[in-house]
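Just below is one structure, and these are the notes that go with it.
There are 2 protein chains.
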Amino acid sequence: MTRHPDTVKIDNPDGAGRDKGGPYHHGALREALIDAAVSIIAERGVDGFSLREAARRAGVSPAAPQHHFGDVRGLLTAIATAGFAELGDALAAADAQGPQDLPARLRRQGEAYVRFALRQPARFDVMWRKTRIDPDDAALRQAATRAYGFLKAAAGGDAQDNEVRAVAAWSLVHGFARLALDGALGSEPGAAARAADALLAGVMERLKD
Amino acid sequence: MTRHPDTVKIDNPDGAGRDKGGPYHHGALREALIDAAVSIIAERGVDGFSLREAARRAGVSPAAPQHHFGDVRGLLTAIATAGFAELGDALAAADAQGPQDLPARLRRQGEAYVRFALRQPARFDVMWRKTRIDPDDAALRQAATRAYGFLKAAAGGDAQDNEVRAVAAWSLVHGFARLALDGALGSEPGAAARAADALLAGVMERLKD
DNA sequence: GGCGCAATCTTCACGTTGTAAAGATAAGCA
DNA sequence: TGCTTATCTTTACAACGTGAAGATTGCGCC
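Chains L and W, in that order, are what the protein sequence lines are. So for the first sequence, the UniProt record's numbering puts the first residue at 1; every next one is plus one. So for the second sequence, the UniProt record's numbering puts the first residue at 1; every next one is plus one.
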């Protein structure tokens with residue numbers, strides 16, 4: 001059986017990407033790959049993502065990402081970690097601005113949770129694709145735990161009731177975000193945001209104080 | 001560039017699958033493929049699924065599924081449709097058995113929703129992987145709408161409040177199921193079921209009547 | 001300034017996947 | 001019995017992730 005050299009001209013067929021004469025060292029490949037990946041996922045969804053396409057958009061060879069992320073799971077884990085960090089910031093900000101009674105803080109955080117998911121669907125999806133990321137990654141876990149901490153702090157209740165309240169609030173907003181993103185509240189473009197505008201406040205109101 | 005014949009002996013290398021002398025016509029390929037697919041997804045997750053592996057387990061060639069499902073999306077859509085039908089049955093059963101006051105019916109349906117997700121994680125995941133199925137498929141939509149109808153009927157409220165109540169209940173149980181399945185309530189094996197036992201009733205209780 | 005090491009990126013290769021196209025087989029009906 | 005048509009196989013191809021080995025360059029040290 002004769003071997004054939006792998007598709008030589010197909011790996012970088014598009015005019016885009018780094019022109020052949022570009023610098024050998026990219027300089028900021030890590031960030032460029034993350035940006036490209038988020039764009040691809042925003043366009044095609046997590047399932048449509050490919051590492052080769054990200055490399056193509058960053059203007060490097062298909063194996064270039066290896067040095068920075070190991071494998072595709074490493075790249076997606078980095079995106080998820082940054083996502084949880086940003087989500088945590090959003091929750092903290094919502095917690096701080098406004099009246100400081102617990103129910104109001106929880107409502108604002110819930111709203112912020114859903115808004116984050118709708119504003120950054122690509123990142124949010126990656127954060128919850130546990131078979132495509134490394135769920136045991138230390139930085140990822142820390143960022144996720146931190147974000148959950150803000151919800152928990154605003155959930156109220158005594159020591160043994162606090163967890164139930166926090167999980168209930170988390171479930172409510174997480175479920176709403178997922179339903180909206182997955183088209184269950186309307187599949188036309190923009191339906192998710194419209195559903196949130198029309199329903200989210202009322203939905204949060206269904207939770208006991 | 002010389003061509004090479006595709007890997008001839010690799011396509012069915014394992015001892016498993018249909019022995020070469022088996023019947024040319026499978027007889028029940030459609031069902032066999034669906035069963036194989038659900039098994040694979042239960043083992044490896046939706047992202048680990050491959051059509052070729054399903055064909056291998058059913059003992060047929062890689063292109064055999066084409067005639068029954070068109071492409072991989074067709075197979076997964078069939079699984080999702082059956083999943084929504086089963087979910088609908090589970091909600092209907094929970095609705096029927098027990099006291100018929102609205103809050104009790106809604107609580108039982110919520111519990112049934114989560115239990116279904118934990119009992120059939122593979123099917124449940126496929127049902128919500130909208131980029132891997134055809135979300136416009138008529139049968140799929142009908143089965144999903146039917147299932148939602150049971151929740152809606154038990155949500156109560158007047159005409160304009162009913163939707164908010166139904167979406168809130170759906171969000172709560174859907175979110176809880178997703179968090180549990182995605183390891184957010186504990187990632188050790190069996191943690192999802194344990195979290196449901198410990199928290200679900202209390203979580204449902206956080207919803208206003 | 002020049003040298004060498006280590007970081008970074010490329011090339012090449014391989015096995016895997018989904019699926020189009022065309023051919024083989026057999027089931028069912030005239 | 002013979003024909004039609006549903007079902008399955010064979011063959012092929014482009015795309016993917018990634019291991020291995022080599023090329024290139026930035027940077028610290030003399």
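Glycine included, every Cβ here is placed at the ideal spot set by N, Cα and C.
Where residue i falls: helix, strand or coil (DSSP)
| i | result |
| --- | --- |
| W:L172 | helix |
| W:L207 | strand |
| L:H25 | coil |
| W:F49 | coil |
| L:S61 | coil |
| L:R194 | helix |
| W:R44 | helix |
| W:G186 | coil |
| L:R30 | helix |
| L:D35 | helix |
| L:D134 | coil |
| L:A180 | helix |
| L:D125 | helix |
| W:D158 | coil |
C-alpha gap between residue i and residue j, whole angstroms
| i | j | result |
| --- | --- | --- |
| W:A138 | W:A122 | 22 angstroms |
| L:L199 | W:A168 | 9 angstroms |
| L:F69 | L:I79 | 11 angstroms |
| L:R119 | W:D47 | 25 angstroms |
| L:D158 | L:V164 | 10 angstroms |
| L:F29 | W:H174 | It should be noted that the sequence gives Leu, not Phe, for residue 29 of chain L. Spanning the two alpha carbons is a distance of roughly 38 angstroms. |
| W:G74 | W:R115 | 27 angstroms |
| L:L140 | L:P99 | 31 angstroms |
| L:T145 | L:A180 | 24 angstroms |
| W:E43 | L:Q97 | 45 angstroms |
| W:K152 | L:H26 | 55 angstroms |
| W:L207 | W:P65 | 45 angstroms |
| W:G21 | W:G59 | Bear in mind that a pLDDT of 48 at W:G21, under 50, signals an unreliable position, so the number given afterwards is only what the model happens to contain. One C-alpha to the other measures close to 11 angstroms. |
| L:W128 | W:P189 | 18 angstroms |
| L:W170 | W:H67 | 44 angstroms |
| L:P135 | W:A191 | 15 angstroms |
| L:L172 | L:G202 | 12 angstroms |
| L:S61 | L:A55 | 6 angstroms |
| W:P23 | W:E31 | 17 angstroms |
| W:F49 | L:A147 | 31 angstroms |
| W:D209 | L:A166 | 19 angstroms |
Contact set for residue i: own chain, Cβ-Cβ below 7 angstroms, skip 5 residues either direction
| i | result |
| --- | --- |
| L:L102 | A154 and G156 |
| W:R107 | M204 |
| L:F150 | G88, L91, A92, D95 and Q109 |
| W:A196 | V114, L118 and A180 |
Cβ neighbours of residue i in the same chain (closer than 6 angstroms, five flanking residues each side left out)
| i | result |
| --- | --- |
| W:R105 | D95 and A154 |
| L:V72 | L51 |
| L:A143 | T81, F84 and A85 |
| W:R57 | A36 |
| L:A177 | V114 and A117 |
| W:Q160 | none |
| L:F124 | A117 |
| L:G17 | A caution first: L:G17 carries a pLDDT of 38, below 50, which makes its placement in the model unreliable, though a value can still be read off. Answer for L:G17: R56 and G59, listed in chain order. |
| W:K130 | none |
Start and end residues, alpha helix (DSSP H) containing residue i
| i | result |
| --- | --- |
| W:P103 | L102 to R119 |
| W:T145 | A138 to A155 |
| W:R73 | V72 to A96 |
| W:F69 | P65 to F69 |
Short Cβ contact (9 angstroms threshold) for residue i with residue j
| i | j | result |
| --- | --- | --- |
| L:E53 | L:I40 | yes |
| L:A93 | L:A63 | no |
| W:G183 | W:R194 | no |
Neighbourhood of residue i by C-beta, 8 angstroms cutoff - its chain only, sequence neighbours within 5 removed
| i | result |
| --- | --- |
| L:V126 | I41, V46, L76, I79, A80, G83, R132 and I133 |
| W:V38 | I79, A122 and R123 |
| W:N162 | K152, A155 and G156 |
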